[in-house]
Amino acid sequence: MAGGLARLSPAFSNGPGLQKPLDPLNTVANAIDTILTPNPCVAETFPSLSLLGAEFLSIEASLFTNYSGWIPAEWRFSQPSVNIHDVSFCNITVSYTHPGHGDVVNVETWLPTDDWNGRLQAVGGGGWRAGRFILSYAGMAGAIADGYATVTTDAGLGNAVGPMPWALISPGNSNLYALQDLGSQTLNDEAIIAKHLIKSYYGREPSYSYWNGCSQGGRQGTTLAQRYPTAYDGIIAAAPAVNWAGVFISTMWPKVYMDVTGQYPQACELQELTALAVSTCDGLDGVEDGIIADTSGCKRIFDPFTYVGSRFYCPSTGRSINLTLAAAAVANAMWTGPVTADNETTYLHGLEMGTDLTKGAPTSCDENGECTGVPNAAVKLLMGYFIDKEPDLSTTKISFKGLERAFRSFKQQFDSFLASDDPDLTSFRDSGGKMITFHGLADPTIPTNISLDYYEQVLALQTDTQEFYRYFLVPGLGHCWGGRGGQPVALFDQLRSWVENGTAPESSPVTITRPDNTPERQILCPYPKKAVFHGDILQGLSGGALTPGGPSTWHILDWDQRRVIAVTMDEEQDNEDLAIENLKKHIDKLSTDAYAIHISPDGSLISVSNNPEDDETTSVYYPPLEKLEPPEGIQTITRSDLEEID
Numbered sequence: 017m018a019g020g021l022a023r024l025s026p027a028f029s030n031g032p033g034l035q036k037p038l039d040p041l042n043t044v045a046n047a048i049d050t051i052l053t054p055n056p057c058v059a060e061t062f063p064s065l066s067l068l069g070a071e072f073l074s075i076e077a078s079l080f081t082n083y084s085g086w087i088p089a090e091w092r093f094s095q096p097s098v099n100i101h102d103v104s105f106c107n108i109t110v111s112y113t114h115p116g117h118g119d120v121v122n123v124e125t126w127l128p129t130d131d132w133n134g135r136l137q138a139v140g141g142g143g144w145r146a147g148r149f150i151l152s153y154a155g156m157a158g159a160i161a162d163g164y165a166t167v168t169t170d171a172g173l174g175n176a177v178g179p180m181p182w183a184l185i186s187p188g189n190s191n192l193y194a195l196q197d198l199g200s201q202t203l204n205d206e207a208i209i210a211k212h213l214i215k216s217y218y219g220r221e222p223s224y225s226y227w228n229g230c231s232q233g234g235r236q237g238t239t240l241a242q243r244y245p246t247a248y249d250g251i252i253a254a255a256p257a258v259n260w261a262g263v264f265i266s267t268m269w270p271k272v273y274m275d276v277t278g279q280y281p282q283a284c285e286l287q288e289l290t291a292l293a294v295s296t297c298d299g300l301d302g303v304e305d306g307i308i309a310d311t312s313g314c315k316r317i318f319d320p321f322t323y324v325g326s327r328f329y330c331p332s333t334g335r336s337i338n339l340t341l342a343a344a345a346v347a348n349a350m351w352t353g354p355v356t357a358d359n360e361t362t363y364l365h366g367l368e369m370g371t372d373l374t375k376g377a378p379t380s381c382d383e384n385g386e387c388t389g390v391p392n393a394a395v396k397l398l399m400g401y402f403i404d405k406e407p408d409l410s411t412t413k414i415s416f417k418g419l420e421r422a423f424r425s426f427k428q429q430f431d432s433f434l435a436s437d438d439p440d441l442t443s444f445r446d447s448g449g450k451m452i453t454f455h456g457l458a459d460p461t462i463p464t465n466i467s468l469d470y471y472e473q474v475l476a477l478q479t480d481t482q483e484f485y486r487y488f489l490v491p492g493l494g495h496c497w498g499g500r501g502g503q504p505v506a507l508f509d510q511l512r513s514w515v516e517n518g519t520a521p522e523s524s525p526v527t528i529t530r531p532d533n534t535p536e537r538q539i540l541c542p543y544p545k546k547a548v549f550h551g552d553i554l555q556g557l558s559g560g561a562l563t564p565g566g567p568s569t570w571h572i573l574d575w576d577q578r579r580v581i582a583v584t585m586d587e588e589q590d591n592e593d594l595a596i597e598n599l600k601k602h603i604d605k606l607s608t609d610a611y612a613i614h615i616s617p618d619g620s621l622i623s624v625s626n627n628p629e630d631d632e633t634t635s636v637y638y639p640p641l642e643k644l645e646p647p648e649g650i651q652t653i654t655r656s657d658l659e660e661i662d
């Protein structure tokens, strides 16, 4: 049996019976053309493709019928959970080689037999895997359920979880062909092959092609935008490892710091310091929800050393203990990032406050609280397979200076293969491509500022960046998923709307988990905008974002409150007449002057306008109607104004 569906099915066959979410892009022509009956799902349907630099070895085609399962939102990164029911598709696996490279690359494509939506959604990999593993198959299953053709590649690395089986062709000699396959070349091959198979099966190529990936998949996405700008129309490049050397060194840094300084804290101490940081900084955005949204502000005001000696309860010991200097030092080092040998200059970013520090600095402690470090696999991997290139002889003891040398050595040798930090996206922009990156502010694996640095470089180079590339910071979100922060499940459909409608995402809804484990709807704003709750109004320092209406909807108000412009992203209610009717019911609660209004479905006033010709966008959110009192300085609609509108 070709492909990996058999491996996927047991993992997802017993999920909760969720309904397939409605397509929010009801303004987009979902069925772009009427699709004729596909050709038979047999190898003969798919003729050989001429691909420069490649030699095709085999093609297998198998029909899968009545596939059912459930994929959680966390494994789709930027899309909601989906219930898959009785889906049938043609699974095609193409194997090929790059002559002289000694590789065998497998590209797996799933083509729905019914209700193809005319689009391709390629899914990315994770860790050291380009694709064709459980996360890729989860993403493909979700894509098939939504009507997409979908594809993944193993980049010629087979089923290897890490690079140990392929990184070296012999001691001292790196496998540069494998690095080239993983880094870039097979990504373009994959897009070409998938579109060829789609045309052979349906009689035409996809009308739109999308990439969806996080971590390694995010790096692949930015690589595609930089090196193959016409491969995909839209790209989700989440938590991208654009600086591969930086990610590697950041993973090693906590262990190196603990070994060099001889300081090994208990896990509960790091957890206590994180909790103290959250307690101190939670309200910097104007609302206490158990999440640090303003992490840069938190680093300015929270000092872990002031808590040394404080008493707290440590669950792992079953008693109260004093917070140690070692804990404060290690936490501070992880938040600060790797430093040079003189301990004065930071050359990489650290983690954000609010992130789980225990994953990066594991220790083993006895009953007396004496701790030692746990071996870090990343140290042996980097030194043994990429720096020393002698796995059996490589050291795992590294100084600050040695770590800095390893960082520079890795960049010199492998950046051309694995880095995806070229800020020049001119060709991608000119091709009409659109890209969205999101990155969790509680990511324990890839420091958030690695991708933010890259985005700021793009902004500096191209003043029109926001026209084709937008970046969202997600408070409380871990690496691709996890944490109290909300999964940005609307972003993929917003990307699609941007590509197909020209509607750029001005905000995106998320549902966070509060400390009492209750959900709360909030919004994300495209960088450099921020969502800040101020009194009864959610403020954006640069203004302009809105979310769909609902009982817990939050909205953006410009820092300059002089203008209030009526705009909305609420697709459930975009009828101004209906909005006016809703407002009539509550007109006595409003005052002063305005030009236009808009109401959310739950009856809360979203926005009013006093200047219909002003392009600056500002919006207001009022609490539920029983608490509807306009904030000071905000203009709303009077009864006379309402009569004039009628």
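One rule links them: number in the working numbering = place in the sequence shown (from 1) + 16.
Glycine residues also receive a C-beta, built at the ideal position from the N, C-alpha and C atoms.
| Asked | Found |
| --- | --- |
| Taking the beta strand (DSSP E) that residue 341 belongs to, which residues open and close that run? | First-last for residue 341: 341-352, but that is the alpha helix (DSSP H), not the beta strand (DSSP E). |
| For residue 294 and residue 229, I'd like the C-alpha separation in whole angstroms. | 29 Å |
| Going by beta-carbon coordinates alone, are residue 265 and residue 416 separated by less than 7 Å? | no |
| At what residue ranges does the region 155-198 contain a whole run of the alpha helix (DSSP H), taking only runs of 4 or more? | 192-196 |
| Which one of 257, 248 and 116 has the shortest CA to CA distance from residue 467? | 257 |
| Suppose the cutoff is 7 Å on Cβ atoms and the five residues either side in sequence are ignored; what does the same chain contact list for residue 440 look like? | 477 |
| Which residues in the same chain as residue 426 place their Cβ atom closer than 8 Å to its Cβ, once the five residues preceding and following it in sequence are excluded? | 260, 261, 264, 265, 398, 402 and 403 |
| Could you tell me the alpha carbon to alpha carbon distance between residue 325 and residue 140, rounded to whole angstroms? | 46 Å |
| Please name the residue or residues paired with residue 482 in a DSSP beta bridge. | In the DSSP output, where bridge partners are listed per residue, residue 482 has none listed. |
| Taking residue 539 as part of the alpha helix (DSSP H), name the residues at either end of that continuous run. | No alpha helix (DSSP H) holds residue 539; the beta strand (DSSP E) holding it covers 535-540. |
| Comparing alpha-carbon positions, which option in 537, 504, 433 and 61 lies nearest residue 217? | 61 |
| Quick check on residue 516: does DSSP put it in helix, strand or coil? | helix |
| Between the C-alpha atoms of residue 69 and residue 115, what's the straight-line distance to the nearest angstrom? | 7 Å |
| In angstroms, rounded to a whole number, what distance separates the CA positions of residue 80 and residue 225? | 23 Å |
| Determine the direct distance from the alpha carbon of residue 240 to that of residue 67, and round the result to whole angstroms. | 18 Å |
| Which residues does DSSP pair with residue 85 in a beta bridge? | 100 |
| Between residue 4 and residue 233, what straight-line distance do the alpha-carbon atoms span, to the nearest angstrom? | What the structure shows of the chain is the stretch from 17 to 662, and residue 4 is not part of that stretch, so it cannot be assessed. |
| Quick check on residue 14: buried or exposed, where buried means 16 or more other Cβ atoms within 10 Å of its Cβ? | Outside the shown range of the chain (17 to 662) lies residue 14, about which nothing can therefore be said. |
| Mind checking whether residue 306 and residue 530 have CB atoms under 7 Å apart? | yes |
| What separation, rounded to the nearest whole angstrom, lies between the Cα atoms of residue 134 and residue 292? | 51 Å |
| When the Cα atoms are used, what is the spatial distance from residue 104 to residue 162? | 12 Å |
| My parser needs the beta strand (DSSP E) runs of 3 or more residues fully inside the region 283-316; what are they? | none |
| Could you check how far apart the C-beta atoms of residue 124 and residue 168 are, in whole angstroms? I think they sit under 8 Å. | 5 Å |
| Using only alpha-carbon positions, find the residue among 187, 319 and 359 that is nearest to residue 344. | 319 |
| Ignoring anything shorter than 4 residues, give me the alpha helix (DSSP H) runs that lie fully in the region 402-474, in order along the chain. | 416-434 and 442-446 |
| Can you name the start and end residues of the alpha helix (DSSP H) that residue 527 belongs to? | From DSSP, residue 527 is part of no alpha helix (DSSP H) but of the beta strand (DSSP E) over 524-529. |
| Quick one: give me the first and last residue of the alpha helix (DSSP H) that residue 67 is part of. | Element bounds for residue 67: n/a, residue is neither H nor E. |
| For residue 368 and residue 91, I'd like the C-alpha separation in whole angstroms. | 23 Å |
| In whole angstroms, what separates the C-alpha of residue 366 from that of residue 375? | 14 Å |
| Is it true that the CB of residue 182 sits closer than 7 Å to the CB of residue 194? | yes |
| Tell me residue 221's beta-bridge partners as DSSP assigns them. | Beta-bridge pairing links residue 221 to no other residue. |
| Residue 546 to residue 336, Cα distance in whole Å? | 39 Å |
| Is any heavy atom of the ligand SAH found at a distance shorter than 6 Å from the C-beta of residue 525? | Looking at this structure, you won't find the ligand SAH or any other ligand, since it has none at all. |
| Taking 8 Å as the limit between beta carbons, can you name the residues of its chain near residue 63, skipping five residues before and five after? | 216 |
| Would you call residue 361 buried or exposed, if buried means 16 or more other Cβ atoms sit within 10 Å of its Cβ? | exposed |
| Pull up the distance between the alpha-carbon of residue 338 and that of residue 488, whole angstroms please. | 38 Å |
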